[in-house]
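K.L.:
Shown next, in the form of structure tokens:
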């Protein structure tokens, strides 16, 4: 009976789908266990073998937990709003929904082929209006809430209005905008409705504000910091500039401390926790207010607030530095400095915040011409702007103390600004001094002689006494910009009355995306929704109507921005609990049963994006009483990366730039020489010749080129050619055209790309390529499709191989040749149950060795799964099958539990074996075998029997025999008698449990 894996896998995938084997109920007497994968964005390229790594690991654990008797929720869906589908729509005009649907079908086919135990009845798609209805609903809840610092939680905005009506805002302790104007209860009641709405907007947890954003002109949208890499957009590599725009933002800063504290309660990887800790960036210090000095050109004094962790160094301030985009810059800049300052601000806008933070070598800045007054000495301090100060961090202004901060020191040295020394006994002639622990303050009036901690306390006391500062805790974390100038995203449930945002009632959700003719921003710079002709809100009809009906009485314009990519992923884990509920985001019964995610598996690249924003939303939902836990995932594992082995061929490149610089008039070359070179030689050689790797170091490159030119009957003595330089450029080639011996199929590769088609290939015998391990990526042509692997080796072989590659959290290279090992193991497992005649298993009682092999396997596999050491489980299975094969085991009492052990890893073959063993139900919920240590306890010992120190044979004896019993048994054995040949030994040495040595 053959192992027909393709038939077996298709059979059981069909069975699972038809019987909804993995469907989880919200009502069960079983203990719950919720296993979740980070849902994928369905790209057009489909899955490669690197993608399923985390899914296979989570699937093993989910299947294991079902065997252990848990009610397991293991859902899957799609993060289906995304920029690639929109970019494709811009290029082709095809609606992103069509592209997305096509891609999802492809993903679903691939996922099904690998045999995942997903509960597909709970599938969600972030671009489905039935799903994003609840994303819009959460946004409304945030808008209608404020953060009460006294209660340390979010509360309904009505409670804030009640406080305003009762006592104004003087005693309100809220997280809010900085520029709050104090008012009384009487003032509040006297404000117009628009004025009241404007004030409330300064307190709401989601609000409109003019903020500095990362604007990507090529993509026509704002990008989050985590969407920018090396100063360009992560998607497409387009330039990004800083500019001010009115955007929706969310007050994630209200939760900064709780987000830090919550990290202690969750079992997440420490590097990821460190990333979030650093991103939130808590620091203790003081807020200090400096005041600009009035001059002939600047007739008003402006306050400059700074936050510093070293207020003890305030007497060392010799200049101030503002972020170039700081609001005060245009107000305080003098006419003499305006041109220089404007030019610097414009140049800085072209650099991302990350670039500016990372670039510690470039020193640049501009003097505003303004001065600020020192709070204590009253001396004038020059005010500069510099790109090492960021508007988005702190207040966008720093008091620069060059003797105590290296960046300030370098800036002062560069611009010849004084560097006063305020540290006792410290030399600052070469560098700044930043060691707080050994600081003794000097040249600082009343702080002289004080160490760091005492100096900090004293200066904060003095600042508070004079009303120019206070002790403060600061966070690097900024409020999250929540607007994107895209089409393919969640529409806001917002319309505008007199320029102020109004929420559409939840009962009218979802507000669905309108049809547009173009997916680009409008000609006037509005987002793509500005192209919609049916995008206005009729307040009386409670429906979206044509724009031409806008009268600003009953019909109003709708928001033109859409929500960011992280909106849809910030509550999806809770929506999975009750995805078909149209009346609520989830029922209380569902959320109270499932509670939270028990195991979450996904990439570490989401540390400061999705994973931070999701924690923020979860804490908000907890404050409002919607969820029972303020952290959504107990345990998180970041799976490593499966890397691809890229293939490279050597492209010949001619460099003639230096030759072109030599003038024709020098007489060295004629115009005809140059023309011949450019028109005849370059088209044949440059980028059109590829050299085998094994010839790269053996042959002189110029000889190769001249040989080709001679074959083409071209002049190799061209003077222009003689002066050129030749080199190799490593060029990616699709790995599917390269065999396991690193040999390229030249005929096939010529059809790969147009530039390969008519090229010359230089090689002897076989064309060799070079190899490098890189990230598996379509752009590197090193992608291996799981479809091909499943077709040739089967999904079970793929699943086992991906786990066998190494520890889950580590990166490991893919090698298709290696999968034959796990495929061979499965064939050997099959032969344990079947031979060419059919079933081998029977009801015979297992031997002691059979039981020992089984139970040590149970013990090891269970330990491995609990510790997520899936790679060592695969090794254990191989050892087990080898031992049972050697033992010629056919006992069903061994082979049934073995099938269950294998089931989480190789579910298709396990299901088939289970059915063949006589079971009518799926193996999916069969109880996990129970380990019995008694089968591993040794009751006998194999003794080496030696004669005069030389071991002659082994003898198995009971472990409980005493010395006399051991000696008697050995002496009575026929092999002993044969060795002695009738002689009487001088003595018998017995060490119980170890050896027997017969002397003489």
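Numbering (the numbering used here), first residue to last: 2 to 1001. C-beta atoms are modelled at their ideal positions from N, C-alpha and C, and glycine is treated no differently.
With DSSP as the reference, label residue 851 as helix, strand or coil.
P.N.:
Taken through DSSP and simplified to helix, strand or coil, residue 851 comes out as helix.
K.L.:
Within this structure, are the beta carbons of residue 909 and residue 13 separated by less than 9 Å?
P.N.:
yes
K.L.:
With DSSP collapsed to three states, give me the class of residue 140.
P.N.:
Of the three classes helix, strand and coil, the one that applies to residue 140 here is helix, per DSSP.
K.L.:
Can you tell me which of 244, 222, 245 puts its alpha carbon nearest to the alpha carbon of residue 234?
P.N.:
222
K.L.:
Under a Cβ-count criterion, where at least 16 other Cβ atoms within 10 Å of its own Cβ denotes burial, should residue 664 be classed as buried or exposed?
P.N.:
The predicted position of residue 664 is uncertain, since its pLDDT is 46 and thus under 50; no value can be drawn from it.
K.L.:
Mind checking whether residue 148 and residue 159 have CB atoms under 9 Å apart?
P.N.:
no
K.L.:
From the DSSP secondary-structure annotation, give me the bridge partner or partners of residue 248.
P.N.:
Note: residue 248 sits in a beta bridge opposite 210.
K.L.:
Exposed or buried, what is residue 983 when buried is set at 16 or more other beta-carbons lying within 10 Å of its beta-carbon?
P.N.:
exposed
K.L.:
According to DSSP, is residue 1 part of a helix, a strand, or is it coil?
P.N.:
Coverage of the chain is limited to positions 2 through 1001, which leaves residue 1 absent and any answer about it impossible.
K.L.:
Do you know how far the Cα of residue 507 is from the Cα of residue 648?
P.N.:
55 Å
K.L.:
Measuring only the C-alpha atoms, how far is residue 614 from residue 793?
P.N.:
Distance between the alpha carbons of residue 614 and residue 793: 42 Å.
K.L.:
Taking the CB atoms as reference points, tell me whether residue 166 and residue 190 lie closer together than 9 Å.
P.N.:
Going by C-beta atoms, residue 166 is nearer than 9 Å to residue 190.
K.L.:
Take residue 239 and list the residues in its own chain whose beta-carbon comes closer than 7 Å to its own, dropping the five residues that flank it on each side.
P.N.:
217, 219, 220, 233
K.L.:
From the DSSP output, in three-state form, read off residue 881 for me.
P.N.:
Helix at residue 881.
K.L.:
Can you tell me whether residue 447 is buried or exposed? The criterion is at least 16 other CB atoms within 10 Å of its CB, across all chains shown.
P.N.:
exposed
K.L.:
Pull the bridge partners of residue 958 from the DSSP assignment, please.
P.N.:
942
K.L.:
CB residue 366 to CB residue 382, shorter than 9 Å?
P.N.:
no
K.L.:
Which ranges would you report for the alpha helix (DSSP H) in the region 663-740 if only whole runs of at least 4 residues count?
P.N.:
For the region 663-740, whole alpha helix (DSSP H) runs of length 4 or above, ordered along the chain, are 672-677, 683-686, 694-697, 702-712, 720-723.
K.L.:
What are the start and end residues of each continuous beta strand (DSSP E) run of 3 or more residues lying completely inside the region 127-190, in chain order?
P.N.:
146-149, 154-157
K.L.:
Please list the terminal residues of the continuous alpha helix (DSSP H) segment that includes residue 771.
P.N.:
First-last for residue 771: 771-776, but that is the beta strand (DSSP E), not the alpha helix (DSSP H).
K.L.:
With a cut-off of 8 Å on the beta carbons, I'd call residue 538 and residue 561 a contact; round off their distance for me.
P.N.:
Contact doesn't hold; Cβ gap of about 13 Å is too wide.
K.L.:
Any chance you could list the alpha helix (DSSP H) runs of at least 4 consecutive residues sitting entirely within the region 43-109, in chain order?
P.N.:
As far as the region 43-109 is concerned, its whole alpha helix (DSSP H) runs of at least 4 residues are 53-68, 84-93.
K.L.:
Can you give the Cα-Cα distance for residue 65 and residue 857, rounded to whole angstroms?
P.N.:
18 Å
K.L.:
By Cβ distance below 6 Å, which residues in the same chain neighbour residue 540 in space, the five residues on each side in sequence not counted?
P.N.:
555
K.L.:
My guess is that residue 429 and residue 420 are in contact by the Cβ rule of under 8 Å, so how many angstroms apart are they, rounded?
P.N.:
Rounded to whole angstroms, the Cβ separation of residue 429 and residue 420 is 7 Å, and the two are in contact under 8 Å.
K.L.:
Whole-angstrom Cβ separation of residue 478 and residue 281, contact assumed at under 8 Å?
P.N.:
5 Å
K.L.:
Expressed to the nearest angstrom, what Euclidean distance is found between the alpha-carbon atoms of residue 655 and residue 724?
P.N.:
10 Å
K.L.:
Exposed or buried, which one is residue 931 when buried takes at least 16 other CB atoms within 10 Å?
P.N.:
exposed
K.L.:
Quick one: give me the first and last residue of the beta strand (DSSP E) that residue 538 is part of.
P.N.:
537-539 is the extent of the beta strand (DSSP E) around residue 538.
K.L.:
Less than 9 Å between the C-beta atoms of residue 482 and residue 212, yes or no?
P.N.:
yes
K.L.:
Whole angstroms are fine: how far does the CA of residue 251 sit from the CA of residue 727?
P.N.:
For the pair residue 727 and residue 251, the Cα-to-Cα distance works out to about 56 Å.
K.L.:
Does the separation of the CB atoms of residue 618 and residue 83 fall below 9 Å?
P.N.:
no
K.L.:
Give every residue of the same chain whose Cβ lies closer than 7 Å to the Cβ of residue 590, excluding the five residues on either side of it in the sequence, and list them in chain order.
P.N.:
These residues qualify, in order along the chain: 27.
K.L.:
Among 15, 630, 467, 57, whose alpha-carbon lies nearest the alpha-carbon of residue 266?
P.N.:
630
K.L.:
Any idea if residue 462 is buried or exposed, counting beta-carbon neighbours within 10 angstroms, 16 or more meaning buried?
P.N.:
exposed
K.L.:
Using 9 Å as the threshold, is the C-beta distance between residue 902 and residue 851 below it?
P.N.:
The answer is no: Cβ separation not under 9 Å.
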